[in-house]
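The next block holds one structure in the form of structure tokens; read it before the comments.
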Amino acid sequence: MAIIKWNESYNLNIKIIDEQHKKLVDMINEFYLEIQNKSSNELIGDLIKKMKEYISFHFKTEEELLERSGYKNLLEHKVKHKEFTDKVANLEERFLNGRMVLSFEITNFLKDWLITHIQKSDKDYVSSVLN
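Each residue of the sequence shown is one higher than the one before, starting from 463 at the first, in the working numbering.
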């Protein structure tokens with residue numbers, strides 16, 4: 463069972479960003495499934511690493527797009543990305559050092575942040591990019 467079901471309201475109508483957001487949803491759902499299946503810590507750690515790498519790739523893509531479009535709140539958006547990246551790195555470190563028993567904390571954080579970020583922060587830049 464998926465923890466996030468893609469909803470058309472998440473679409474920004476910016477193809478590359480929508481595709482990347484869908485990929486992130488798929489990755490979070492895969493992570494959640496592996497946690498439910500009580501997969502090995504090694505596999506869970508690998509999935510966290512892959513998500514972290516993909517998130518960095520996505521943020522780079524998004525920030526370059528916003529820079530090209532002259533988005534006025536780019537710096538604020540970058541700060542939000544940095545805060546998120548730092549939090550994911552902290553969660554990964556805690557997991558790898560055995561200080562986090564429940565990987566559900568990571569799943570819930572990723573899910574809540576992604577949906578909120580898409581529906582608020584990302585929707586704010588759509589008109590700038592599409593014009």
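Ideal placement from N, C-alpha and C gives every residue a C-beta, glycine not left out.
Just so you know, these numbers come straight off a predicted model, no measurement behind them.
- request: Please report how far the alpha carbon of W468 lies from the alpha carbon of H520, in whole angstroms.
  value: 17 Å
- prompt: What do you get for M513, buried or exposed, if any count of 16 or more other CB atoms within 10 angstroms of its CB means buried?
  reply: With 16 or more Cβ atoms within 10 Å of its Cβ, M513 is classed as buried.
message: Taking 8 Å as the limit between beta carbons, can you name the residues of its chain near E525, skipping five residues before and five after?
response: The beta carbon of E525 sits closer than 8 Å to the beta carbons of L536, H539, K540 and H543 from its chain, once the five residues preceding and following it are set aside; these are given in chain order.
message: Helix, strand or coil for N475? Go by DSSP, reduced to three states.
response: Judged by DSSP in its simplified three-state form, N475 adopts coil rather than helix or strand.
field: For G507, the first and last residue of its enclosing alpha helix (DSSP H)
entry: N503 to S531
task: In the DSSP assignment, find the alpha helix (DSSP H) that holds E567 and state where it starts and stops.
output: F566 to H579
- prompt: Just how far apart, CA to CA, sit E496 and I506?
  reply: 7 Å
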